[in-house]
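Protein chains in written order, with the working numbering: chain R, 391 to 520; chain L, 117 to 598. Contents: one structure, followed by commentary.
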Amino acid sequence: MKALFQTIYELIGQPQPPADTPVYRDVIFPNLGLLNWGLSLALVLLFYLGINRAMGVATFNKGRHWGIFLALNAVLAFVITLWQTSAQQATQHSYIYWLATWNAVLSMLWFFLFSLLLKRTSTNASTTPF
Amino acid sequence: MAKLFLFGIGGTGSRVIRSLTMLLASGVELPNCDRVVPIIIDPDAHNGDMNRTVALLQSYQQVHRRLGQQEEGFFKTDISTLSNISADANGGVKDTFIFDFGGINQSFRQYLHYDQLSVDSKAMVELLFTQDNLESPLTIGFRGSPNVGSVVLNKVVESPEMRFFADNFQEGDRVFFVSSIFGGTGAAGFPLLLKNLKDSNTRLSNARYLREALTGAVTVMPYFALQSEENQVIDSNNFLTKTKAALSYYEHNLPGLDALYYLADTPDTPYDNQPGGTQQKNKAHLIELLAALSIVDFMQYSDAELRSGAPHFHEYGLGGDSMEVQFGHLPDETRELVAKHLTQMLYFSRYHKQHLPTDKAPYHDNLKLDYALRNEPIFRELNNLLHSPEFGIDQWLQELSQNRRAFRPFDLNTDDFNAMIAGKPVEKKWNDFFNKGLSHNWLLDNLNKADKSINEPDNFKKLLALFYDVTDKAFEEKVKVV
Numbered sequence: 391m392k393a394l395f396q397t398i399y400e401l402i403g404q405p406q407p408p409a410d411t412p413v414y415r416d417v418i419f420p421n422l423g424l425l426n427w428g429l430s431l432a433l434v435l436l437f438y439l440g441i442n443r444a445m446g447v448a449t450f451n452k453g454r455h456w457g458i459f460l461a462l463n464a465v466l467a468f469v470i471t472l473w474q475t476s477a478q479q480a481t482q483h484s485y486i487y488w489l490a491t492w493n494a495v496l497s498m499l500w501f502f503l504f505s506l507l508l509k510r511t512s513t514n515a516s517t518t519p520f
Numbered sequence: 117m118a119k120l121f122l123f124g125i126g127g128t129g130s131r132v133i134r135s136l137t138m139l140l141a142s143g144v145e146l147p148n149c150d151r152v153v154p155i156i157i158d159p160d161a162h163n164g165d166m167n168r169t170v171a172l173l174q175s176y177q178q179v180h181r182r183l184g185q186q187e188e189g190f191f192k193t194d195i196s197t198l199s200n201i202s203a204d205a206n207g208g209v210k211d212t213f214i215f216d217f218g219g220i221n222q223s224f225r226q227y228l229h230y231d232q233l234s235v236d237s238k239a240m241v242e243l244l245f246t247q248d249n250l251e252s253p254l255t256i257g258f259r260g261s262p263n264v265g266s267v268v269l270n271k272v273v274e275s276p277e278m279r280f281f282a283d284n285f286q287e288g289d290r291v292f293f294v295s296s297i298f299g300g301t302g303a304a305g306f307p308l309l310l311k312n313l314k315d316s317n318t319r320l321s322n323a324r325y326l327r328e329a330l331t332g333a334v335t336v337m338p339y340f341a342l343q344s345e346e347n348q349v350i351d352s353n354n355f356l357t358k359t360k361a362a363l364s365y366y367e368h369n370l371p372g373l374d375a376l377y378y379l380a381d382t383p384d385t386p387y388d389n390q391p392g393g394t395q396q397k398n399k400a401h402l403i404e405l406l407a408a409l410s411i412v413d414f415m416q417y418s419d420a421e422l423r424s425g426a427p428h429f430h431e432y433g434l435g436g437d438s439m440e441v442q443f444g445h446l447p448d449e450t451r452e453l454v455a456k457h458l459t460q461m462l463y464f465s466r467y468h469k470q471h472l473p474t475d476k477a478p479y480h481d482n483l484k485l486d487y488a489l490r491n492e493p494i495f496r497e498l499n500n501l502l503h504s505p506e507f508g509i510d511q512w513l514q515e516l517s518q519n520r521r522a523f524r525p526f527d528l529n530t531d532d533f534n535a536m537i538a539g540k541p542v543e544k545k546w547n548d549f550f551n552k553g554l555s556h557n558w559l560l561d562n563l564n565k566a567d568k569s570i571n572e573p574d575n576f577k578k579l580l581a582l583f584y585d586v587t588d589k590a591f592e593e594k595v596k597v598v
């Protein structure tokens, strides 16, 4: 799992400063990866099964509503990155913001993939986003 | 496959068939038959009432054909033209709901060949018919003169249509006549047709089946008045006199009838005095709806019930005498028969107009409605059936609500589904913030749920099934009783 997340997060380059690489690889990347999956899955479940099935809301199923959740997911992923790096006392560096942005992009990808997997279980959003 | 042959005679016949078609469209059951064959008999080929009824029937027929047989639902009952009942295409009968008079483009005098008659015959004709009768052009019917109608309508009995009808009449088929008693065509046509169908010496085929066929009729007595104007050929002040005269004839001259329904109402606001033609297009009236229900009532009786102690005579009384009739004024039996179905149809029609074109929802995407509503002819036909200002269901409900006496069970001016049944708003629980009653959201949610549960590949059939199910649920869960 660590190797997987290391591969994914280092697609944008090595952690900076290089001295923090071990903490990123051992703690921050796995935490971010798992939190990101959990967050995306939770929001997808909330959108498709919570709002658009269990609550019987049938007018919050448009592409723009899905887009709001997608954006929310990205913002939360960005904030989580800042929180995790701060919590693990990583050195302040512009890399953190690049990592947060990359995490936000990844969160949107997970959200999209989870949407494809789960949309059919929804009553009112089974054809959202397409 | 038992059939109901429904003879709609004259303007009232057309209007009652219009109401029956609306009831069948809304899903009212017509038991003991698989198919209704309306035959409109009216020599006035341009009659406004008749033409819009025919347009409605044609539209209904197209929609039903696409839907096919179904256990229950909108447009469940098969309505067919006379020529469609047989695979034999060589019957010489046009594929139409109207009896073909071949365009009687002459006056009654010319029709009788008056000028070639002997002196004695001329004297007899002058005894039976007024000058006005004789000069009357038959192109617009008999203008309230049954004595003229009883002569001209003899042509019906010898027509290819009637032979085709008799040739295809089978054991178990039923016959029903709809006519008014205070006009010309209906008052003359009903006893004349009945007599000829039941005649033991008839030259028609299947004479025994015809003679033994269960036969019913609704005779509509005066329920509207006409504006009194100088030089108008129809004077509604004579309606009661004509009714009494016709009733005294009916008393002894309706052989073989198993059930006869009488309906009448006290006239209120008079109609425009149009003796016929395109201008004769009266607003739908409650009496016509009740006359249509007499057909349903007749079909609900079993063969044994109808045959024992025939003829049966029926009259109708409202639960309460109100000039604005709501569901609450109808007797229980009628209310149970029509309230739910008409409400379902209203919900469907309203949703179809207000929300269907703009909905963004799984049911809408799965049925490919964006494309279908714009491009598929059957969807356009459905749109006409519901919303045509000429013959649509919306228009029919409007007319019923505007006429006097008004049938006004719905508030047709509101967009709120909760408030559509007059005097019976859908209850919203005060302690349930999310319960908005019968909201767009509720309907949409249930349409999407039904979309998942109904397995039907044809998008038109599925759309109708979805709306029938959801409006049924709306009535059962939200409206409950009216």
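We treat Cβ as the ideally placed atom computed from N, Cα and C, and that holds for glycine.
The Cβ of residue 444 of chain R sits no closer than 8 Å to any Cβ of chain L. Look at residue 560 of chain L: its C-beta is under 8 Å from a C-beta on chain R. By the CB criterion at 8 Å, residue 261 of chain L and residue 300 of chain L fall inside the cutoff. Burial check for residue 229 of chain L: the Cβ neighbour count within 10 Å stays below 16, so the residue is exposed.
For residue 392 of chain R, there are no neighbours in chain L by C-beta distance under 7 Å, as the nearest C-beta there is about 40 Å away. For residue 279 of chain L, the enclosing alpha helix (DSSP H) has its first and last residue at 276 to 283. Shortest Cα-Cα distance from residue 146 of chain L to any of L:119, L:126 and L:134 involves L:119. Fully contained in the region 283 to 334 of chain L are the following beta strand (DSSP E) runs of length 3 or more, in chain order: 290 to 296.
The alpha-carbon of residue 194 of chain L is positioned some 31 Å away from that of residue 521 of chain L.
Here the C-alpha atom of residue 422 of chain R lies approximately 44 Å from the C-alpha atom of residue 473 of chain L. Within the same chain, and ignoring the five residues on either side of residue 416 of chain L in sequence, the residues whose Cβ sits closer than 6 Å to its Cβ are 147. Closer than 9 Å at the C-beta level to chain R, one finds these residues of the region 564 to 593 of chain L: 564, 565, 567 and 568.
Contact with chain R is found for residue 482 of chain L, since one of that chain's Cβ atoms lies less than 8 Å from the residue's Cβ.
In this structure residue 511 of chain R is exposed. Its beta-carbon is surrounded by fewer than 16 other beta-carbon atoms within 10 angstroms. Within 7 Å of the CB of residue 448 of chain R, the CB atoms of chain L belong to 477, 557, 560, 561 and 564, in sequence order along the chain. Residue pairing by DSSP places residue 223 of chain L opposite L:253 in a beta bridge. At a beta-carbon threshold of 8 Å, the residues of chain L lying near residue 513 of chain R are 478, 561, 564, 565 and 568, ordered along the chain. Just so you know, the alpha carbons of residue 322 of chain L and residue 409 of chain L end up roughly 29 Å apart.
Across the set L:480, L:276, L:577 and L:534, the C-alpha of L:534 shows the shortest separation from the C-alpha of residue 594 of chain L. By DSSP's assignment, residue 522 of chain L forms a beta bridge with L:440.
Residue 289 of chain L counts as buried, since at least 16 other C-beta atoms from the protein chains shown sit within 10 angstroms of its C-beta. Assigned with DSSP and collapsed to three states, residue 399 of chain L falls in coil, not helix or strand. What residue 476 of chain R touches in chain L, judged by beta-carbon distance under 8 Å, is nothing: the nearest beta carbon there is about 39 Å away.
Cβ-Cβ distances below 6 Å link residue 401 of chain L to 519 in the same chain, with the five nearest sequence neighbours on each side left out; the list follows chain order. With respect to the 8 Å criterion, residue 196 of chain L and residue 153 of chain L are classified as neighbours on the basis of their beta carbons.
DSSP places residue 486 of chain L within a helical segment (H, G or I) once states are collapsed to three. The Cβ-Cβ distance between residue 329 of chain L and residue 293 of chain L does not fall below 8 Å. Put simply, the region 443 to 453 of chain R touches the region 557 to 570 of chain L. At least three CB pairs are less than 8 Å apart. Between residue 505 of chain R and chain L, the shortest Cβ-Cβ separation is not below 8 Å. In the three-state DSSP reduction, residue 194 of chain L falls in the strand class (E or B).
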